[in-house]
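Peer 1:
In this note's numbering, the protein residues as written are -6 to 156.
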């Protein structure tokens, strides 16, 4: 006799199969249908704020940039600012150590710890200097303003503005 012809067996199968198809009583957590819009304001990374120009060191040639810097970075600056190269030395708790090179007699540094010296070799002269720019401190090299807006561990955010 087939199993479905027995009423007790059929009822048992219906109960068992129905029990397997029940839904849980607690609602499952739902994910939003679309990602939420980013919050307004400066973007942050786990290590601090993002620089507007990221790691594009070449964006500083016109002395108008905001970049993430690390020790060893070299920034080439347009010669009209009287400084040709900024090299990021160490990033320390008291600030970023920066060495600079420029045309002889054309470097002026204000508002930062450091100094400048002139060197001449075979009739070619140039100015060299070193400075420390602390977080939140504003400094000037000739007609270029420097602001260290963030310093954390091995990265910092440096803003250069002309004028």
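Here a beta-carbon is modelled for each residue, glycine too, at the ideal position from N, C-alpha and C.
Keep in mind it's a predicted model, so treat the numbers as computed, not measured.
1. Determine the direct distance from the alpha carbon of residue 95 to that of residue 123, and round the result to whole angstroms.
2. Does residue 35 pass the burial test, meaning 16 or more other C-beta atoms within 10 Å, or should it be called exposed?
3. Are the Cβ atoms of residue 149 and residue 118 separated by less than 7 Å?
4. For the segment 72 to 90 and the segment 138 to 148, state whether three or more C-beta atom pairs, one from each stretch, are separated by less than 8 Å.
5. In angstroms, rounded to a whole number, what distance separates the CA positions of residue 105 and residue 62?
6. Just checking my contact of residue 107 with residue 144 at CB under 8 Å: how many whole Å lie between their CB atoms?
7. Quick check: what's the CA-CA separation for residue 110 versus residue 134?
8. Straight-line CA distance for residue 116 to residue 153?
9. Could you spell out where the beta strand (DSSP E) holding residue 113 opens and where it closes?
10. Can you tell me whether DSSP reads residue 50 as helix, strand or coil?
11. Short check: CB of residue 44 to CB of residue 60, under 7 Å?
12. To the nearest angstrom, how far is it from the Cα of residue 42 to the Cα of residue 120?
Peer 2: With the structure as the only source:
1. Against the chain shown, residue 123 aligns to sequence position 130. Against the chain shown, residue 95 aligns to sequence position 102. Straight-line Cα distance between these residues: approximately 12 Å.
2. As a first step, residue 35 must be located in the chain shown, where it is residue number 42. Low per-residue confidence applies at residue 35: pLDDT is 48, beneath 50, and the placement is therefore not dependable, though the value from the model is reported in the following sentence. Residue 35 comes out exposed.
3. Against the chain shown, residue 149 aligns to sequence position 156. Against the chain shown, residue 118 aligns to sequence position 125. Taking a C-beta distance under 7 Å as the contact criterion, residue 149 and residue 118 do not qualify as a contact pair.
4. Segments in contact, yes.
5. Along the chain shown, one-based indexing puts residue 105 at 112. Along the chain shown, one-based indexing puts residue 62 at 69. Going from the Cα of residue 105 to the Cα of residue 62 covers about 18 Å.
6. Within the chain shown, the letter at position 114 stands for residue 107. Within the chain shown, the letter at position 151 stands for residue 144. Residue 107 to residue 144, Cβ: 17 Å. No contact.
7. Indexing the chain shown from 1 puts residue 110 at position 117. Indexing the chain shown from 1 puts residue 134 at position 141. Those two C-alpha atoms are separated by around 14 Å.
8. Taking the chain shown and counting its residues from 1, one reaches residue 116 at position 123. Taking the chain shown and counting its residues from 1, one reaches residue 153 at position 160. Between residue 116 and residue 153, the C-alpha separation is close to 32 Å.
9. What you label residue 113 is simply residue 120 of the chain shown in a count that begins at 1. Unbroken beta strand (DSSP E) run through residue 113: 106 to 114.
10. Here the question's residue 50 lines up with position 57 in the chain shown. Helix, per DSSP.
11. Locating residue 44 in the chain shown gives position 51, counting from the first residue. Locating residue 60 in the chain shown gives position 67, counting from the first residue. Cβ atoms of residue 44 and residue 60: closer than 7 Å.
12. To locate residue 42, count along the chain shown from 1; it is residue 49. To locate residue 120, count along the chain shown from 1; it is residue 127. When the Cα atoms are used, residue 42 and residue 120 turn out to be separated by approximately 33 Å.
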